[in-house]
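Protein chains in written order, with this note's numbering: chain E, 44 to 188; chain B, 1381 to 1670.
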């Protein structure tokens, strides 16, 4: 808590005062870290599968190595499931799942903040987070039209 | 593999491309984590000009880059107490509203004019920031009752100054307006909104530079997540390009957070100003069609 204890520099855990934001920060930090590590692991797995499928020293970017659209590059949930089932397009599907996990992490962080602020009965900030989530939803609907 | 050949036969050394993208992305991740940017300003030109990839994949990759920088850096900054959550969430209201209005008016507005307007705004900010380069901490700022009501204050442990630094935001409404512009920009142009967020937090709301870049880092991911789904369903996020970008940026951002905490606020500003200047020139040139 006091400054002297942290004069060693980095990575000295500090006791934080109890309160809504600090509790939120801890949970949020954990969620973000989990999202990052899990997505990185899945993406790495996808790349390993790509290399495994095409051999070591693979030329991923050679002609034919950069598929566009269709089953080889699933871009909807249906295509993703088909790709996983069909076996031949598993590497792309696994990589995409990793990328999607990464992409929902920020949204998850807003949801977690909202829950955390609600537990601290900080209704102004619950409302802020709710508006942000609505705007995110509205944005994704708008751009599809 | 017959059919579906969208490869790049003209590529001089395809084997190295994967590693090349990985390395470029790591650099973008470090810079993004230091300065509160998403790395799109590096990823898009690097992938198109240096690697020679099609622009749509480069833009898709830059969205992934923004989210990876944001999540990777924020994981450290939120836990370390450098990013201010309240300020981030409250101002996200302005940025996401801006992004949605940007999506509304996109197509009804001349994009080239926007590039020039935003480019000039950034150029002006770069000049304005030059006068503040030597300021380590903002000190006492004018009292803003709204900042008090929203509890826009906090403190963090500064590893360079070896003490806890307390701060309070000021000029919440102008800062919020700048955040709205940042959102508009990401909705309309999809690039550079991190720069505006840092400017809003540092220049207008007068937060310490480290708090500004860390808080911006947390915010940019949320803004980008709004449009990520669209790019993904359009097929612009290519697994073989986005994967090395994601991994490279995550690693770079993770490393960048460790560096950032050991830098002076003034050092961060000295890095930020030239980036600002380069991007403003880039945008103005694009607006002029050069």
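C-beta: ideal position from N, C-alpha, C; glycine also.
For residue i, would you say it is in contact with chain B, using Cβ-to-Cβ distances shorter than 8 Å as the test?
i, result
"residue 144 of chain E", "no"
"residue 133 of chain E", "no"
"residue 158 of chain E", "no"
"residue 112 of chain E", "For residue 112 of chain E, the pLDDT reaches just 43, beneath the cut-off of 50, and the residue's location in the model is therefore unreliable, although a value from the coordinates is still provided. Output row for residue 112 of chain E: interface = yes."
"residue 172 of chain E", "yes"
"residue 58 of chain E", "Because residue 58 of chain E carries a pLDDT of 40, less than 50, the predicted location of this residue cannot be relied on, and the following value inherits that uncertainty. Not closer than 8 Å to any Cβ of chain B, the Cβ of residue 58 of chain E fails to qualify, so no."
"residue 69 of chain E", "yes"
"residue 76 of chain E", "yes"
"residue 153 of chain E", "yes"
"residue 99 of chain E", "With a pLDDT of 44 at residue 99 of chain E, under the threshold of 50, the modelled position of this residue cannot be trusted; read the value that follows with caution. Chain B, which has no Cβ nearer than 8 Å to the Cβ of residue 99 of chain E, makes this no."
"residue 91 of chain E", "no"
"residue 179 of chain E", "yes"
"residue 83 of chain E", "yes"
"residue 87 of chain E", "yes"
In terms of alpha-carbon separation, which member of the options lies closest to residue i?
i, options, result
"residue 1403 of chain B", "B/1414, B/1545, B/1423", "B/1423"
"residue 133 of chain E", "E/182, E/68, E/65, E/85", "E/85"
"residue 1594 of chain B", "B/1655, B/1547, B/1450, B/1549", "B/1450"
"residue 1640 of chain B", "B/1445, B/1427, B/1443, B/1456", "B/1456"
"residue 1530 of chain B", "E/168, E/173, E/89", "E/168"
"residue 175 of chain E", "B/1521, B/1472, B/1523, B/1428", "B/1472"
"residue 1545 of chain B", "B/1415, B/1464, B/1630", "B/1464"
"residue 1434 of chain B", "B/1622, B/1664, B/1670", "B/1622"
"residue 1646 of chain B", "B/1609, B/1515, B/1633", "B/1515"
"residue 1556 of chain B", "B/1569, B/1538, B/1526", "B/1526"
"residue 1414 of chain B", "B/1505, B/1575, B/1508", "B/1575"
"residue 1541 of chain B", "B/1643, B/1416, B/1399", "B/1643"
"residue 163 of chain E", "B/1543, B/1466, B/1476", "B/1466"
"residue 1432 of chain B", "B/1401, B/1608, B/1490, B/1407", "B/1401"
"residue 178 of chain E", "B/1508, B/1417, B/1602", "B/1602"
"residue 1554 of chain B", "B/1580, B/1564, B/1533, B/1611", "B/1580"
"residue 1509 of chain B", "B/1559, B/1561, B/1649", "B/1649"
Any Cβ of chain E within less than 8 Å of the Cβ of residue i?
i, result
"residue 1390 of chain B", "Reliability fails at residue 1390 of chain B, whose pLDDT of 43 lies under 50, so the model's placement of it is uncertain and the value that follows must be treated cautiously. Closer than 8 Å: no."
"residue 1516 of chain B", "no"
"residue 1661 of chain B", "no"
"residue 1403 of chain B", "no"
"residue 1644 of chain B", "no"
"residue 1557 of chain B", "no"
"residue 1666 of chain B", "no"
"residue 1628 of chain B", "no"
"residue 1525 of chain B", "no"
"residue 1465 of chain B", "yes"
"residue 1623 of chain B", "yes"
"residue 1540 of chain B", "no"
"residue 1461 of chain B", "yes"
Based on DSSP bridge pairs, tell me the residues matched to residue i.
i, result
"residue 1545 of chain B", "B/1536"
Compute the beta-carbon to beta-carbon distance between residue i and residue j, rounded to the nearest angstrom, for a pair I have assumed lies under 8 Å.
i, j, result
"residue 1605 of chain B", "residue 1447 of chain B", "6 Å"
"residue 1468 of chain B", "residue 1589 of chain B", "About 16 Å separates the two Cβ atoms, so there is no contact after all."
"residue 1631 of chain B", "residue 1586 of chain B", "In fact, because the Cβ distance is near 33 Å, the residues do not count as touching under 8 Å."
"residue 1660 of chain B", "residue 1478 of chain B", "Between residue 1478 of chain B and residue 1660 of chain B the Cβ distance is about 19 Å, and since that is not below 8 Å, they are no contact."
"residue 1582 of chain B", "residue 1573 of chain B", "About 15 Å separates the two Cβ atoms, so there is no contact after all."
"residue 1442 of chain B", "residue 1628 of chain B", "So it is not a contact: roughly 13 Å between Cβ atoms."
"residue 161 of chain E", "residue 1619 of chain B", "So it is not a contact: roughly 37 Å between Cβ atoms."
Identify the contact partners of residue i in chain C, using a Cβ-Cβ distance below 9 Å as the criterion.
i, result
"residue 1602 of chain B", "Within the model displayed, chain C is absent; protein chains E and B are what it includes."
Checklist entry - Which full runs of the alpha helix (DSSP H) of 4+ residues lie inside the segment 1458-1525 of chain B, going along the chain? => result Along the length of the segment 1458-1525 of chain B, whole alpha helix (DSSP H) runs at least 4 residues long occupy 1465-1485, 1491-1510, reported in chain order.
Checklist entry - At what residue ranges does the segment 1596-1656 of chain B contain a whole run of the beta strand (DSSP E), taking only runs of 3 or more? => result Within the segment 1596-1656 of chain B, no complete beta strand (DSSP E) segment of 3 residues or longer occurs.
Checklist entry - If you scan the segment 1548-1583 of chain B from start to end, which runs of the alpha helix (DSSP H) of 4 or more residues do you find wholly inside it? => result Runs found: 1552-1568, 1573-1579.
Checklist entry - Can you list the alpha helix (DSSP H) stretches of 4 or more residues lying completely in the segment 1416-1465 of chain B, in chain order? => result Taking only runs of at least 4 residues, the alpha helix (DSSP H) segments lying wholly in the segment 1416-1465 of chain B are 1420-1425, 1435-1459.
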